[in-house]
Amino acid sequence: MNPNQLTEQLGLFLDVLESGSFSAASRRHPLTPSAVARRIDSLESAVGSQLFIRSTHAVRATPAGLAFAERARRIVAELRLARAEAVSLSSAPEGLIRVDAPAAFGRRHLAPVIADFLTLYPGLDVQLHLIDSFVDMQGSNLGKVDLVLRAGQMADTRLVATPLASMVRIACASPDYLQRRGVPTDPAQLTEHDGLDWEGLAPPFAWRFERDGQMHLHRPARIRMSANNAEALVCGALAGLGIAHLPTWLASEYLLRGELQPLFCENGLPKPESTGIYALRLEQQPSSRSRLLLEYLKTRFSPIPPWDLALQTNLDRH
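Here the sequence shown is numbered in my numbering, starting from 1 and rising by one per residue.
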């Protein structure tokens, strides 16, 4: 199997793991659901272990599948990065890359990755500017910087967007709140609970939950605190004020430590949103420096972001 075939095979496996079904994974590839199932069967035969448990409603990874996923993700990342280096660079890269990114995401996830990137490439420098906005897809600072990280629907088709990570949103609350008010077992029961919500324009998928293939809006009846900043909602949730519906990139550390408890996750994490986290640029062809950073970010954040992989592993253990 050549490197391209290996990348495709492992990428398909990771897409099935992330999406939870053969049909959803098939939409990301020029394959039918039955063809995806056959390729997974072939991979399981080659590995010598069952990687997924199939049911009529979903496909879930076995413990062996989760262990295999961690190594598969690293293999895919290294192959992609090696290809990017070979194609983009004929000599050691040098120069400055200017990046704008949301402050919360930048502190938690981007800055550590960029530090690793700069360690690998001592001739490169990064100017990282952390800003408050995450949902502005206009890329207003492009021209002043090389890349702008954003999440949400694309607002300007003139911009070139590189997908970096999927977005998963999870309802959660503190153990203290759930002990006092009870644990809702269905999103429809949120009307019986207190909540924390966005002031003004909320993200498109906030308080929306899938049932029978359709998205339904379920919100707490009483909003104890509203804010225009998701980190403020985390503070309210940690204080036991109510239930919040937060992106996993923001809530994962608190969920893993048990400071927040996930809701409605009996079958694993919810499916990723149709939008994601993107790197925006103006040029159709980025500079070799920017292209190298983009490829490195993709290897670290996709196909399954590390925060979601850690959460899914934690859910499967419980």
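Glycine is no exception: its CB is placed at the ideal position from the N, C-alpha and C atoms.
A quick note: this is a predicted structure, and the numbers were derived from the prediction, not measured.
> Is the beta carbon of F205 sitting closer than 8 angstroms to the one on R257?
Replying inline: For F205 and R257, no; Cβs fall outside 8 angstroms.
>> Measuring straight from C-alpha to C-alpha, what distance separates V183 and Y296?
In response: When rounded, the separation of the alpha-carbon atoms in V183 and Y296 is 40 angstroms.
>> For G338 and L217, what's the separation of their Cα atoms in angstroms?
In response: Past the edges of the chain, shown from 1 to 318, lies residue 338, and the structure says nothing about it.
>> Here's a check: name, in chain order, each residue in its chain whose Cβ is nearer than 7 angstroms to the Cβ of L294, leaving out the five neighbours to either side.
In response: Once the five neighbours on either side are set aside, the close Cβ partners of L294 are T162, A279, P286.
> In terms of residue numbering, what span does the beta strand (DSSP E) encompassing F205 cover?
Replying inline: If you look at F205, you'll find it isn't in any beta strand (DSSP E); DSSP assigns it neither H nor E.
> Who are the near neighbours of L255 in its chain, counting only those whose CB is closer than 7 angstroms to its CB and skipping five residues on each side?
Replying inline: For L255, where only same-chain residues beyond five positions count, the Cβ hits under 7 angstroms are C172, P262, L311.
> Quick one, which of G240, L233, L238 has its alpha-carbon nearest L246's?
Replying inline: When only C-alpha atoms are compared, the closest one is L233.
>> Counting C-beta neighbours from all protein chains within 10 Å, is the total for G236 16 or more, i.e. buried, or is it exposed?
In response: Under this definition G236 is a buried residue.
> With DSSP run on the structure shown, which of helix, strand or coil describes I75?
Replying inline: Per DSSP, reduced to three states, the secondary structure at I75 is helical.
> Nearest-angstrom Cα distance between A111 and D194?
Replying inline: A111 and D194: Cα-Cα distance of roughly 34 angstroms.
> Whose C-beta lies closer than 8 angstroms to the C-beta of N228 among residues of the same chain, with five residues either side of it excluded?
Replying inline: Cβ neighbours of N228 beyond the five flanking positions: W198, E199, G200.
> How far does the alpha helix (DSSP H) with S55 in it reach, from first residue to last?
Replying inline: Counting along the chain, S55 falls outside any alpha helix (DSSP H), and DSSP gives it neither H nor E.
>> So for G276, helix, strand or coil by DSSP?
In response: In the structure shown, the three-state DSSP call for G276 is strand.
>> Suppose contacts are defined by Cβ-Cβ distances below 8 angstroms. Is T32 in contact with G152 by that definition?
In response: No, these two residues do not count as a Cβ contact at 8 angstroms.
> Cα-Cα, which of L315, N314, R224, L309 is closest to D15?
Replying inline: Residue L309 is the option with its Cα nearest to D15.
> Using CA coordinates, which residue listed in A37, N314, F264, P270 is at the minimum distance from E253?
Replying inline: Answer by Cα proximity: N314.
> So what does DSSP say about E199, is it helix, strand or coil?
Replying inline: Coil.
> For E295, which three-state DSSP category applies?
Replying inline: Residue state, collapsed to three classes: helix.
> Looking at the structure shown, is R219 part of a helix, part of a strand, or coil, going by DSSP?
Replying inline: Note: R219 maps to coil in three-state DSSP.
> In terms of residue numbering, what span does the alpha helix (DSSP H) encompassing D116 cover?
Replying inline: Run containing D116: 111-120, per the alpha helix (DSSP H) assignment.
> With C-beta atoms as the reference, is L147 less than 8 angstroms away from S288?
Replying inline: No.
> What is the DSSP secondary structure of A92, reduced to helix, strand or coil?
Replying inline: Three-state result, A92: coil.
>> With a threshold of 7 angstroms on Cβ separation, who are the neighbours of L12 within its own chain once the five nearest residues in sequence on each side are excluded?
In response: If we look at L12 and ignore the five residues flanking it on each side, its Cβ neighbours are A25, H29, V36, R39.
> Should the segment 120-135 be called in touch with the segment 89-103, which here means at least 3 C-beta pairs below 8 angstroms?
Replying inline: Put simply, the segment 120-135 touches the segment 89-103. At least three CB pairs are less than 8 angstroms apart.
>> With a threshold of 8 angstroms on Cβ separation, who are the neighbours of S302 within its own chain once the five nearest residues in sequence on each side are excluded?
In response: Sequence-distant Cβ neighbours of S302 in its own chain, meaning closer than 8 angstroms and more than five residues away, are P163, L164, A165, S166.
> Considering only the beta carbon of each residue, do A61 and A69 sit closer than 8 angstroms?
Replying inline: For A61 and A69, yes; Cβs fall inside 8 angstroms.
>> Pop quiz: G240 and D176 are said to be a contact at Cβ under 8 angstroms. What is the actual Cβ separation, rounded to whole angstroms?
In response: About 4 angstroms; that satisfies the 8 angstroms criterion.
> What's the call for R27, buried or exposed, on a 16-neighbour Cβ count within 10 Å?
Replying inline: Residue environment analysis places R27 among the exposed positions, since fewer than 16 neighbouring C-beta atoms fall within 10 angstroms of its C-beta.
> Can you list, in chain order, the residues of its chain whose CB lies under 8 angstroms from that of C265, leaving out five sequence neighbours each side?
Replying inline: The answer, listed in chain order, is I170, L315.
> What separation, rounded to the nearest whole angstrom, lies between the Cα atoms of Q189 and L17?
Replying inline: One alpha carbon belongs to Q189, the other to L17, and they sit about 29 angstroms apart.
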